[in-house]
Structure formats: structure tokens, C-alpha cells
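K.L.:
Here the sequence shown is numbered in the working numbering, starting from 7 and rising by one per residue. Yeah, the Cβ is synthetic: ideal placement off N, Cα and C, and Gly gets one too.
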Amino acid sequence: MKQQDIAADEQLEIELLLEAIHRKYGYDFRQYSQAHTRRRLEHRLHLENMGKFSEMIPRVIYEEEFFTQILLDLSINTTEMFRDPWFYKRIREVVIPHLRTYPFLKIWHAGCSAGQEVYSMCILLEEEGLKGRCQVYATDFNDRILAKAKDGIYPMDLVREYSSNYLKAGGTGSLSEYYVAEYNNVVMKRFLKEQVLFSSHNLATDGVFGEMHMICCRNVLIYFNRDLQNRVMELFYDSLCPGGFLCLGTKESMKFSSVADNFEVVCGKEKIFRKKRRR
Ligand SMILES: C[S@@+](CC[C@H](N)C(=O)[O-])C[C@H]1O[C@@H](n2cnc3c(N)ncnc32)[C@H](O)[C@@H]1O
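Listed below in C-alpha cells is the structure:
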């Protein structure tokens, strides 16, 4: 059999597997990037000593635990506090002065993973004196990771890096003011999450969140194909108030999206955009 026929058959097996997941559990990975899904499923295949992608189909259908494992495999949860510190620095310098002009703010972190991004933003808002007038929505489609976000408990050995990021991001105090150390972990202080609503939301299938002043969706769209990226961009456009800010990850772009012309670039390198006001 030719190499390209094998690849086409394997792709068919993957598509049938994703179809089974969608029909049985409602999670839609059919528009994730092919390279990403193949890589992650190949990894699972080797760990489970399986020969073909199609062997996973009966297992996802009949073993819920196996499906949960596949869900974890397909949703990369890598994150950190003040990830790309220069991004947060630009938020302080460029975005905060605009946000300050609103009496009440709504901020949405879509694909928030274990919450480090959300706590980072809450610390920044606290230091800028804005936290008291914010409602923050923190969403992810993976309920296990969302539960971790709510807990806000992180391994102590990561804190040195988080603290260094915090300072590079323009932090005005010390990160240690925002957590309590417990054994080998740090627990983020309760007051940080007072304005945060953690909830399940799937960017591939769920609808808009109304009238947001800022949306952060960083390092999520890279896993989606062009059509799904476009759907999500339209969702964000509809969820933002005029003049609202959209923040993407460094490797992400809105260039090919149908709403690109309705945004202006605020910071090109940091991927901060602003929804244009209608004239
Ligand atoms: C690499 S993490 C990024 C976390 C954080 N935004 C950051 O930049 O550090 C990607 C997150 O997107 C979530 N995700 C993937 N597909 C999603 C979808 N369709 N809807 C909502 N969240 C999704 C994953 O569960 C994961 O937590």
C-alpha cells in the first residue's frame, strides 16, 4: 500500500473516532487542526499499545474513563502565571487607561485552563485599582481543569518562575502577597476570586457572552482549523462591546478571519486588538 493511501485511511479512522466522540458525548473536535489531533492521538495509541486509531472507537463508546483520557489528551492545558510577561505589561500601559473610563467592567478568559491566567489578570486589576468594579468570567470546556482553576492551588516549585514573570510584567509588589503557602503548594488568596465566575463553555459549540470589555483567549485558537478559528472570532466579535479589547496568544492571528476589518491593532506583537466603534 502506498504511503499516501495509508495516511488517508488513518485520517478516515481519526475522523470516525472524532465523530463517535461528538455523537456520544457532544464534544466537537472535528474542526481542530489535523496535525494537532493526529499528534495527540498517536501519543495515546503508543501509550495504550494499540495498533490502529479505529481500535479506540469502541473504547471511547463503552469506557467513559477512556473518553475522559482522550479529552485530556486533546486539550493541551499548558499554562503559567503572567505567561509572556510583556503582554501583561502592555495591558497595564495601553489597555488599562481605557478600561479605567468605564464604571463597570466585564472580562472573559476563554480557555482559561487551570486558572493561572485569570489570577494573573485579577492581580493586575487589583494593583490598578480596578478589581472592585469587574466581573470576570473564566471558562474552559474541560470540567476537570476548570475545577483546578476554581481551587487556585499550584505547586510551590513553579512559584519562582511565576514571581519572576510577575516582576517582568510590571508587578508593583511581591507575588507572595497574593498566595498562602501550604506544604508543597501555594493557594491563591480568596479575595482574588471574589469577582470571578468559573463556568463551562465550549468555543466550538456554545454561544456568546454579552457586552464584554475585554476577552482574553490565548493559546487556544492554535489548536483549531481555519473554519473553527473563524467561528470563534465571530463569537468574540459578537461578545465584545464597541471599543472592547481582544487578546490572543503570540502565535495566533486574526488575519484570515471574516471580522478582521472590524478590529484595529492595538499592539501587534502582543496580539491585542480593539473592536472598532461604528461610525
Ligand atoms: C494551552 S491552554 C491555554 C491556557 C491559557 N489561556 C494560557 O494561555 O496560558 C488551552 C486551553 O484551551 C482549552 N480549550 C481547548 N478547546 C476548547 C474549546 N473548544 N472550548 C473551550 N476551551 C477549550 C483547553 O482545555 C485548555 O485549557
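Put Asp212 into one of helix, strand or coil per three-state DSSP.
P.N.:
On the sequence shown, residue 212 is found 206 positions in, with the first residue counted as 1. In the structure shown, Asp212 sits in coil (DSSP, three-state: anything other than H, G, I, E or B).
K.L.:
Looking at Glu19 and Phe72, is the spacing between their C-beta atoms short of 7 Å?
P.N.:
Translated into positions along the sequence shown, residue 72 becomes position 66. Translated into positions along the sequence shown, residue 19 becomes position 13. No, the Cβ-Cβ distance between Phe72 and Glu19 is not below 7 Å.
K.L.:
Under the assumption that Asn268 contacts Lys282 (Cβ atoms under 8 Å), give the Cβ distance between them as a whole number of angstroms.
P.N.:
If you number the sequence shown from 1, residue 268 lands on position 262. If you number the sequence shown from 1, residue 282 lands on position 276. Between Lys282 and Asn268 the Cβ distance is about 5 Å, and since that is below 8 Å, they are a contact.
K.L.:
May I have the straight-line CA-CA distance separating Tyr143 from Gly57, to the nearest angstrom?
P.N.:
Along the sequence shown, one-based indexing puts residue 143 at 137. Along the sequence shown, one-based indexing puts residue 57 at 51. Straight-line Cα distance between these residues: approximately 42 Å.
K.L.:
Suppose the cutoff is 7 Å on Cβ atoms and the five residues either side in sequence are ignored; what does the same chain contact list for Val124 look like?
P.N.:
Here residue 124 is taken as the residue at index 118 of the sequence shown, counted from 1. So the list reads His115, Cys118, Val142, Ala144, Ala155, Val202, once near-sequence residues are dropped.
K.L.:
Is Gly201 helix, strand or coil when you go by DSSP?
P.N.:
Counting from one through the sequence shown, the residue named residue 201 turns up at place 195. In the sequence under discussion, the amino acid at residue 201 is Gln, which differs from the Gly named in the question. DSSP places Gln201 in coil when its eight states are reduced to three.
K.L.:
On the CB-based measure, 16 or more other CB atoms within 10 Å of its CB, does His219 come out buried or exposed?
P.N.:
As a working note, residue 219 is residue 213 in the sequence shown. Label assigned to His219: buried.
K.L.:
Using a Cβ-Cβ cut-off of 8 Å (strictly less than) and excluding sequence neighbours within five positions of Leu23, which residues of its own chain qualify?
P.N.:
As a first step, residue 23 must be located in the sequence shown, where it is residue number 17. Result list for Leu23: Leu47, Phe59, Ser60, Met62, Ile63, Val66, in chain order.
K.L.:
What residue range is occupied by the uninterrupted alpha helix (DSSP H) comprising Leu18?
P.N.:
By one-based count along the sequence shown, residue 18 stands at place 12. 9-31 is the span of the alpha helix (DSSP H), which, as asked, contains Leu18.
K.L.:
For the beta strand (DSSP E) containing Asn291, list its first residue and its last residue.
P.N.:
Because residue 291 is not part of the residues shown, which for the chain are 7 to 285, the question remains open.
K.L.:
Using 6 Å as the cut-off, classify the Cβ of Glu226 as near or not near the heavy atoms of ligand 1, replying yes or no.
P.N.:
If you number the sequence shown from 1, residue 226 lands on position 220. In the sequence as presented, Glu is not what sits at residue 226; that position holds Val. Answer for Val226: yes, Cβ within range of ligand 1.
K.L.:
Measure from the alpha carbon of Thr211 to the alpha carbon of each residue in Ser39, Val271, Arg237, Lys137, then state which is nearest.
P.N.:
Indexing the sequence shown from 1 puts residue 211 at position 205. Answer by Cα proximity: Arg237.
K.L.:
Take Asn231 and list the residues in its own chain whose beta-carbon comes closer than 6 Å to its own, dropping the five residues that flank it on each side.
P.N.:
What you label residue 231 is simply residue 225 of the sequence shown in a count that begins at 1. These residues qualify, in order along the chain: Gln37, Ser39.
K.L.:
In whole angstroms, give me the CA-to-CA distance for Tyr168 and Leu181.
P.N.:
In the sequence shown, the residue the question calls residue 168 occupies position 162. In the sequence shown, the residue the question calls residue 181 occupies position 175. The alpha-carbon atoms of Tyr168 and Leu181 are separated by roughly 8 Å.
K.L.:
Using CA atoms only, rank isn't needed, just tell me which of Gln122, His49, Arg44, Leu111 is closest to Leu152.
P.N.:
On the sequence shown, residue 152 is found 146 positions in, with the first residue counted as 1. Of Gln122, His49, Arg44, Leu111, the residue nearest in Cα terms is Gln122.
K.L.:
Nearest to Phe204 by CA position, among Asn83, Lys8, Arg150, is which residue?
P.N.:
Your numbering for residue 204 matches position 198 in the sequence shown. Taking only the C-alpha atoms, the option nearest Phe204 is Arg150.
K.L.:
Between the alpha carbons of Asp244 and Gly216, how many angstroms are there, rounded?
P.N.:
Mapped onto the sequence shown, residue 244 falls at position 238. Mapped onto the sequence shown, residue 216 falls at position 210. About 8 Å.
K.L.:
Helix, strand or coil, according to DSSP, for Ile113 in the structure here?
P.N.:
Stepping through the sequence shown from its first residue, residue 113 is reached at position 107. Ile113 falls in the strand class under three-state DSSP.
K.L.:
Could you compute how far the alpha carbon of Glu270 sits from the alpha carbon of Phe251?
P.N.:
Counting from one through the sequence shown, the residue named residue 270 turns up at place 264. Counting from one through the sequence shown, the residue named residue 251 turns up at place 245. Using only the alpha carbons, I get a separation of about 10 Å.
K.L.:
Is it true that the CB of Glu134 sits closer than 7 Å to the CB of Ile321?
P.N.:
Not covered by the structure: residue 321. The range shown for the chain is 7 to 285.
K.L.:
State the DSSP-derived secondary structure class of Asn191, mapped to helix, strand or coil.
P.N.:
Your numbering for residue 191 matches position 185 in the sequence shown. If DSSP states are grouped into helix, strand and coil, Asn191 belongs with the strands.
K.L.:
For Val165 and Asn171, I'd like the C-alpha separation in whole angstroms.
P.N.:
Looking up residue 165 in the sequence shown gives position 159. Looking up residue 171 in the sequence shown gives position 165. Each residue's Cα considered, the two are about 10 Å apart.
K.L.:
Under a Cβ-count criterion, where at least 16 other Cβ atoms within 10 Å of its own Cβ denotes burial, should Gly158 be classed as buried or exposed?
P.N.:
Within the sequence shown, residue 158 is the residue found at index 152, counting from 1. Buried, because 16 or more other Cβ atoms sit within 10 Å of the Cβ of Gly158.
K.L.:
Would you mind listing the beta strand (DSSP E) stretches within the region 41-121 that are 3+ residues and don't spill past its ends, in chain order?
P.N.:
Counting whole runs of 3 or more residues, the region 41-121 contains the beta strand (DSSP E) stretches 111-116.
K.L.:
What number of angstroms, rounded off, separates the C-alpha of Tyr94 from the C-alpha of Lys174?
P.N.:
For this step, residue 94 is matched to residue 88 along the sequence shown. For this step, residue 174 is matched to residue 168 along the sequence shown. The alpha-carbon atoms of Tyr94 and Lys174 are separated by roughly 9 Å.
K.L.:
Which residue or residues does DSSP assign as beta-bridge partners of Glu133?
P.N.:
Numbered from its first residue, the sequence shown carries residue 133 at position 127. None; Glu133 has no bridge partner.
K.L.:
Excluding the 5 residues flanking Tyr31 on each side, which residues of the same chain have their C-beta closer than 7 Å to its C-beta?
P.N.:
Stepping through the sequence shown from its first residue, residue 31 is reached at position 25. For Tyr31, where only same-chain residues beyond five positions count, the Cβ hits under 7 Å are Phe73.
K.L.:
Mapping DSSP to helix, strand and coil, what is Lys275?
P.N.:
Position 269 of the sequence shown, counting from 1, holds the residue named residue 275. Note: Lys275 maps to coil in three-state DSSP.
K.L.:
DSSP beta-bridge partners for Pro248?
P.N.:
Residue mapping note: residue 248 aligns to position 242 of the sequence shown, counting from 1. BP columns for Pro248 are empty, so no partner.
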